[in-house]
Amino acid sequence: MLLLVGCGSSSSSSGPTKAQYVAKADAICSAAGAKTAPLISKLVAGGASLASGSASGARELAPVLAKLHDEAAASLAQLRALKQPKGEAAKIESYLSPLTNVVAAAGQAAASLRAGQAAPALGLLGQVQSDAQQATSAAQAYGVAPCGSVLSALG
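For reference, each letter of the sequence shown is one residue, going 1 to 155 in our numbering.
In structure tokens, the structure reads:
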């Protein structure tokens, strides 16, 4: 009987505290920032060739954007896998939802660049900026500052 009482714990089913969640999300976003900052810098530096509509410039930036997409998708999956504090799902989704849009648009833009199509990629990257700004504001409001700072480089 004593063994059965010791096995169950009501605290494990209630989920983490907000502070515990934020600490884990911050760690994920800090790691993502370290991986994506150089990629974002390369994209910004190559922006002129994209704006000119250069097909060769688009193809040169395609692997950079594809790598950025892959890193962002992996980080997003880690964030979505985190156990959330009870009652915080809507607040957390307020930054995860636009972040999901950022990741999807980056993947689509990378595909456009691989095809040498700069104009569609630029349009998608414009969408990324808007969603990144929304995700940045929501992440910072929730208290996951590193997640917001990673995205602010895109916004």
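Built from N, CA and C at the ideal position, the CB exists for glycine as well.
Same chain, Cβ closer than 6 Å to His69, five either side skipped, listed in chain order
These residues qualify, in order along the chain: Ala106, Gly107 and Ala110.
Suppose you measure from the CA of Pro85 to the CA of Pro16; what does that come to, to the nearest Å?
When the Cα atoms are used, Pro85 and Pro16 turn out to be separated by approximately 5 Å.
Does DSSP classify Gln108 as helix, strand or coil?
Helix, per DSSP.
Complete beta strand (DSSP E) runs within the stretch 4 to 87 (minimum length 3 residues, chain order):
DSSP runs (the beta strand (DSSP E)) wholly in the stretch 4 to 87: none.
To the nearest angstrom, how far is it from the Cα of Pro146 to the Cα of Gly123?
The straight-line gap from Cα to Cα measures roughly 26 Å.
Just the Cα atoms here: how many angstroms apart are Lys18 and Ala132?
For Lys18 and Ala132, the distance between alpha carbons rounds to 23 Å.
Can you say whether Ser75 is buried or exposed, counting buried as having 16 or more other CB atoms within 10 angstroms of its CB?
Buried, by the Cβ-count rule.
Hey, Val150 and Val22: beta-carbon distance below 7 Å or not?
Going by C-beta atoms, Val150 is not nearer than 7 Å to Val22.
In the structure shown, what three-state DSSP assignment does Val144 receive?
Coil at Val144, not helix or strand.
Tell me, to the nearest whole angstrom, how far the beta carbon of Val103 is from that of Ala73; I am working on the premise that it is less than 8 Å.
Their Cβ separation, rounded to whole angstroms, is 5 Å, which keeps Val103 and Ala73 in contact under 8 Å.
Under the rule that 16 or more other beta-carbon atoms within 10 Å means buried, what is Gln20, buried or exposed?
Classification for Gln20: exposed.
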